[in-house]
Amino acid sequence: MVQPLGYLKESASQTAGPYVHIGCTPNFVGIEGIFDQDLGSGPLYNDKTRGERITIRGHVYDGGGNTLKDGLVEIWQADTDGFYNSPSETRGKADPNFLGWARCPGDMATGEFVFHTIKPGKVPFDGTRWMAPHITFWVVARGINIGLQTRMYFPDEEDANAADPVLARIEHKVRIPTLIANRQGDDYVFDIRLQGENETVFFDI
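Here the UniProt record's numbering is used: position 15 in the sequence shown is 15, and no number is missing along the way.
See below:
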């Protein structure tokens, strides 16, 4: 029997609080026995994974330039050949030794997030154009009602970045550098700024 739902009211939206860590990363906050390890933690690759190993580090900053120490960041990316580890991937078979997704809470003392992954390949935008190698980021933290989506591009892919159709859609070209990581030694550094000067470009997905 179908019951009417008109009497149900929409719950008020709330910003991400401590429960996001309890639900998503219980081991990180000291709640053990639920998972052997938190989902999405650890490297995205193993010894058999194809591609260049890279490390991504960064912080999430609020509008006042302060580091958020309670943020949670997830990444989603293609493998080194540009295939996604997803049932919807129909172009070819993704590397079975590459996860393609990871989750990292910011360090409670420094706010830093760290991902050990591989550099992704190009992926198609449509039948004629390709997107430059990139990694999609999803961010939740205090003061955010809905998770924020952004992308990280690579500074050593200048030609691919210049031809990327998504970057081309950004109206204010001076903001494109907010999506390009900085290379520091063996690491890529990608800081995400929620507001204020050099605010990161976010996408409505």
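No residue lacks a Cβ here, since even glycine has one placed at the ideal position from N, Cα and C.
### Message
Threshold first: 4 residues or longer. Then list the alpha helix (DSSP H) segments lying entirely within the segment 104–186, N to C.
### Response
The segment 104–186 contains these whole alpha helix (DSSP H) runs: 158–163 and 165–168.
### Query
Apart from the five residues just before and just after residue 135, which ones in its own chain have a Cβ nearer than 6 Å to its Cβ?
Same-chain partners within the cutoff: 75, 77 and 152.
### Query
Taking the C-alpha atoms as reference points, what is the distance between residue 157 and residue 30?
A direct Cα-to-Cα measurement between residue 157 and residue 30 gives close to 40 Å.
### Query
Per DSSP, residue 32 is paired with what?
Here residue 32 is not bridged, per DSSP, to any residue.
### Query
Are residue 121 and residue 164 closer than 8 Å when you measure CB to CB?
No, they are not a contact pair.
### Query
Since residue 161 contacts residue 132 with CB under 8 Å, what's their CB separation in whole angstroms?
The beta-carbon distance between residue 161 and residue 132, rounded to whole angstroms, is 5 Å. This is short enough to meet the 8 Å contact definition.
### Integer Cβ distance of residue 21 from residue 72, believed to fall under 8 Å
Confirmed, Cβ separation roughly 7 Å.
### Task
Please classify residue 35: is it buried, with 16 or more other beta-carbons within 10 angstroms of its beta-carbon, or exposed?
Exposed, by the Cβ-count rule.
### Task
Could you check what DSSP says for residue 22 in three-state terms: helix, strand or coil?
In the structure shown, residue 22 falls within a helical segment according to DSSP collapsed to helix, strand and coil.
### Message
Going by DSSP in three states, residue 200 sits in which element: helix, strand or coil?
### Response
Coil at residue 200, not helix or strand.
### Query
residue 150 and residue 179 look like a contact to me (Cβ under 8 Å); what is the Cβ gap, rounded to whole Å?
Residue 150 to residue 179, Cβ: 7 Å. Contact.
### Message
With distance defined between alpha-carbon atoms, name the residue in 104, 81, 101 and 102 nearest to residue 93.
### Response
Looking only at 104, 81, 101 and 102, the smallest Cα-Cα distance to residue 93 is reached by 81.
### In DSSP terms, what residue 72 is bridged to
105 and 140.
### Query
What is the DSSP secondary structure of residue 83, reduced to helix, strand or coil?
Reduced to three states, the DSSP call for residue 83 is coil.
### Query
Thinking C-alpha only, which one of 188, 182, 199 and 159 is nearest residue 174?
For the set 188, 182, 199 and 159, the Cα lying nearest the Cα of residue 174 is the one of 199.
### Assigned secondary structure, residue 45 (DSSP; H/G/I helix, E/B strand, else coil)
Residue state, collapsed to three classes: strand.
### C-beta contact flag for residue 103 and residue 24 at 8 Å
Yes, Cβ-Cβ distance for residue 103 and residue 24 is below 8 Å.
### Message
I'd like the list of long-range same chain contacts for residue 99, defined as Cβ closer than 7 Å, with 5 residues on each side in sequence excluded.
### Response
Excluding residues within five positions, the ones whose Cβ falls inside 7 Å are 44 and 85.
### Message
Per the DSSP calculation, residue 98 is bridged to which residue(s)?
### Response
Under DSSP, residue 98 shares a beta bridge with 45.
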